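From first to last, the protein sequence lines stand for chains A and B.
Using our numbering, you'd call the opening residue of the first sequence number 72 and step up by one each time.
Using our numbering, you'd call the opening residue of the second sequence number 841 and step up by one each time.
Using N, Cα and C, we set each Cβ at its ideal position, and we do this for glycine too.
Nothing here was measured: the structure is a model prediction, and the numbers come from that model.
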Amino acid sequence: MKWLSDDKLAHLLGVVGTKYAFVKELGRGGMGTVYLAEDRELDRLVAIKVLSAPEVTDDLRRRMIREAQIIARLEHPGIVPVHDAGTLPDGRIFYAMKYVRGSRLDEYTAQGASLNDRLRKFQAVCDAVAFAHAHGVIHRDLKPQNIMIGSFGEVLVMDWGVAKIREDPCQSAVYNTSDGTIIGTRDYMSPEQARGEIEIDERADIYSLGAVLKFLLNDQKVGKAAKAISAKAMASVPGDRYASTAELSADIGRLLDAESVSAYRENALEKTWRWTAKNRFLVLLVLAYLVMRIFLIFTSRR
Amino acid sequence: MDPDTDIGGPLHKFPVTNHSAIVGARSDDELVRRRAFDTILNSYWKPVYKYVRLKWQATNEDAKDLTQGFFANAFEKHHFASYDATKASFQTFLRTCLDGFVANERKAGQRLKRGGDKDHYQLDFAAAEAELAAHASASTLTPEDYFHREWVRWMFTLAVEAFRERCVESGRLVQFQLFERYDLDDTHVSYASLAQEFGLEATTVNNYLAAARRDFRRIVLEKLREITATDEEFHVEARSLLGVDVK
C-alpha cells in the first residue's frame, strides 16, 4: 500500500472534511467546544470554537456569531484575535482564533509568579478590559481561567461568549450576547449579575477584576493598600467601586511604583514607611552621611 | 457546489450500530466476534506496532511479539467487549490496554514468543518497519499524538485500498485512477491535463472526481463507523477528525 505523506493526509482530510484538521479538544463551554486545529491552507495552528451540534438553537447561533463579531472588532494586543468565522458545511457555526500557547492565569500563578509579576499581568488584563469597555463591550465572565499568559509573557483575555454590548451603534436597543439568564462564574460574579439583573454595566467587570486580583494576592504577603484595591473593586454597591477599569489600572500602577493608592488612606506612619521603602537608597545615603558627620564631630573634639 | 459532495449533505445517513466491530466484539456468537476482532486488528495493528516501537523503545522483534501478543490476549480475554464508550474513545481505551499489556509483559519478563501458544496473525511488519525507518525520526509528536496520527494515516490508507477494490469490482477503475492521479500523487495535475491523459472531457473529469471523492468519503466514514461503539462516539470522532457532523 502506498505511503500517505503528511501533506497527502492533510489533503485527503480536506477532501472529506474541512480545511481545518482538528488536532484535539481544548475545552467545552456553554455554547460550544474549542478545538486545537491545523489550518491546512495557511499551515498554522488555530483554536476553533464550534457551536455544539446537539444544542443548536437560533439563539445560540446568533450568540456565537455575535461573539466572533465582538472579538473581531476589539483589535487589542490583550484580546485574542479572530482569524476566520463562518459555517461548516454541515451547518454548524464556527470561528477560528489565534491559538495561544501558554498557561491560564491560575496555572501561571501556581507556577510561582512573583507578586510584582502578578500585578503587572493584572494591569495588562485591566488595560485589555478597559479597551473593551471603551468600545462598549462588557465581558461579564472575567476569571483566571479566561485569561491566558502566552509563552512570551503576553496577556490575553479570552472567552467573550457571554459579553454584552452596551450600546450597539447598529441598534437602538441594548444588545446582549446572552440575556435573561444568570451568566458568569459564581466566585467572580458581581452581586448584581448574581441577582440576574439585566442592566449591568462596566462595574460588573470591575467587580470580577477585583475578584481576580484577590485570587492573585491570595497566597502572597501584601500590604493593606493592595487588599484595599481589591476590596474597593469588589464593593457590593457598584457606585462604591472604581468608576472605570482605567482607574483600577492606575491604582495598580501606583501600587507597583510604591505610591499612594486611591483605595486606601494611609496614616502618617504608613506614609513615612512607604516613602522610606520607595527611597531606601536615598535614605541609606543620608543615614551614611549623618553617621559620618557624627563620627567626624566626635573625632574632631578629642 | 455539488450537493452530493457538500459535507453534511443528503447522502450521509449511516446505519446506527450494525456495522460496529466494537459492538460485534461483545457478541456471544463466536463467528461474529471473530469477524469483529479481525476488523479491529486490521484497523489498529500498524499504529499499535509503531507505537510500541516508539514509546516503549522495543526492538522490531519485540514489537512484533508484543503486537501479536496484545491482540491475541485481547481476543482470548474478551478485552474489547469491556469497552465503555461513556468513559473514553475506543482509540484511547485500546492504547491504555496496550500500555498496560506492555508494562505487564516487561514487568514479568515473559516476552511472548512468536509461534507460541498465542494466535499468530499474518501482518506485514516489514512494511510497518520500512515506514518507521523512513518517516518516524522526524516526528516531534508525543507518543499518544503519534499513535493517533498513525491511526488516522492507516485508516485513510485502508480507505484508499477499499475504494480501489470497490472501483475495480464495479468497473469504475477510471474514477479511481483519476482520484489517484489528482488526490494521491505527489505531482500536481490539472483537470485539463487529466482530461487529455484519459481521453475524457474536462467536465467528465470534474464529475468523475466529484463522485470519486464522495465515494471515498463514504468509505472513510464506514471505516470510522466500524471502530466506534455508539452513535455518539461516531459523531464525536467524525467531528474531531473531519470537522463535520455526520447526520
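7 angstroms Cβ cut-off: residues of chain A touching residue i
i	result
R1053/B	V86
As assigned by DSSP and simplified to three states, the class of residue i
i	result
Y1088/B	No answer is possible for residue 1088/B: the residues shown for chain B start at 841 and end at 1087.
A92/A	strand
T845/B	For T845/B, the predicted structure reports a pLDDT of 28, less than 50, and the residue's modelled location is therefore unreliable. The matter cannot be settled from this model.
V456/A	Residue 456/A lies beyond the residue range present for chain A, which begins at 72 and ends at 373; the question has no answer from this structure.
G324/A	helix
Y246/A	In this predicted model, Y246/A has a pLDDT of only 39, less than 50, meaning its place in the structure is not dependable; the value taken from the coordinates is given anyway. Of the three classes helix, strand and coil, the one that applies to Y246/A here is strand, per DSSP.
K235/A	strand
R954/B	Residue placement at R954/B is poorly supported in this model, since its pLDDT is 46, which falls under 50; the coordinates are not used for a value here.
H206/A	coil
G85/A	helix
A156/A	strand
R191/A	helix
G909/B	helix
R99/A	strand
Y259/A	helix
Y179/A	helix
D77/A	helix
Y335/A	coil
Y923/B	coil
Y1031/B	helix
Y166/A	strand
Per-residue contacts from residue i into chain B (C-beta, under 8 angstroms)
i	result
H206/A	The premise fails here: H206/A is roughly 31 angstroms from chain B at the closest Cβ pair, so nothing lies under 8 angstroms.
L75/A	R993, F996, T997, V1000, L1024
E96/A	S1080
Any non-hydrogen atom of the ligand PLP closer than 7 angstroms to residue i Cβ
i	result
M72/A	The ligand content of the structure shown is nil, which means the ligand PLP is not present either.
Pair within 8 angstroms by beta-carbon distance, residue i and residue j
i	j	result
S174/A	I220/A	yes
R312/A	K303/A	yes
S860/B	E1066/B	yes
M168/A	V153/A	yes
D20/A	V233/A	Nothing in the structure corresponds to residue 20/A, since chain A is present only between 72 and 373.
A118/A	Y170/A	yes
Q1015/B	A1051/B	yes
Y986/B	L934/B	no
S301/A	A201/A	no
G1024/B	V1060/B	The displayed chain sequence assigns Leu, not Gly, to residue 1024/B. No; because the gap between Cβ atoms is not below 8 angstroms, this pair is not in contact.
Y166/A	A139/A	yes
P309/A	R274/A	yes
Y1031/B	N1047/B	no
R237/A	D272/A	yes
Run of the alpha helix (DSSP H) containing residue i, from where it starts to where it stops
i	result
K303/A	295-304
L122/A	Looking at the DSSP string, L122/A is not in any alpha helix (DSSP H); the run it does join, the beta strand (DSSP E), is 115-122.
G221/A	Counting along the chain, G221/A falls outside any alpha helix (DSSP H), though it belongs to the beta strand (DSSP E) covering 218-221.
L280/A	273-288
V226/A	It is not in any alpha helix (DSSP H) - V226/A instead sits in the beta strand (DSSP E) that spans 226-228.
Y961/B	Here Y961/B belongs to no alpha helix (DSSP H), and DSSP marks it neither H nor E.
Y1048/B	1042-1066
L361/A	351-372
S1080/B	1071-1082
A1002/B	983-1009
F1019/B	1013-1019
A948/B	930-948
G864/B	861-864
Proximal residues of chain A, C-beta to C-beta of residue i below 8 angstroms
i	result
R1006/B	Correct list: empty, because the minimum Cβ distance to chain A is about 15 angstroms.
L1081/B	L84, G88, F93
Proximal residues of chain B, C-beta to C-beta of residue i below 7 angstroms
i	result
H82/A	D1023
K79/A	L1024
M135/A	Within 7 angstroms Cβ-Cβ: nothing; M135/A doesn't reach chain B, min ~15 angstroms.
M72/A	T997, E1001
Chain A contact residues for residue i, given Cβ-Cβ distances below 9 angstroms
i	result
D1057/B	Note that residue 1057/B is Arg in the sequence shown, not Asp. Those within 9 angstroms of R1057/B in chain A are V86, V87, G88.
E901/B	Near E901/B there are no residues of chain A at all, since even the closest Cβ is about 23 angstroms away, more than 9 angstroms.
E971/B	W74
Contacts that residue i makes with chain B (C-beta to C-beta distance below 9 angstroms)
i	result
E109/A	What E109/A touches in chain B: nothing, since even the nearest Cβ is about 11 angstroms away.
M260/A	Chain B residues near M260/A: none, gap ~31 angstroms exceeds 9 angstroms.
Range of the contiguous beta strand (DSSP E) that encloses residue i
i	result
D110/A	103-110
On the three-pair Cβ rule with 8 angstroms, is the stretch 134-153 of chain A touching the stretch 87-97 of chain A?
no
Assess contact between the stretch 1068-1077 of chain B and the stretch 915-929 of chain B, defined as three or more Cβ pairs (one per stretch) separated by less than 8 angstroms. Is contact present?
yes
For the stretch 318-329 of chain A against the stretch 188-197 of chain A, are there 3 or more C-beta pairs whose distance is under 8 angstroms?
yes
Would you check if there are 3 or more beta carbon pairs closer than 8 angstroms linking the stretch 882-891 of chain B to the stretch 907-918 of chain B?
yes
Count Cβ pairs between the stretch 83-90 of chain A and the stretch 1056-1073 of chain B that sit closer than 8 angstroms; are there 3 or more?
yes
Does the stretch 358-370 of chain A touch the stretch 324-331 of chain A, meaning 3 or more C-beta pairs lie closer than 8 angstroms?
no
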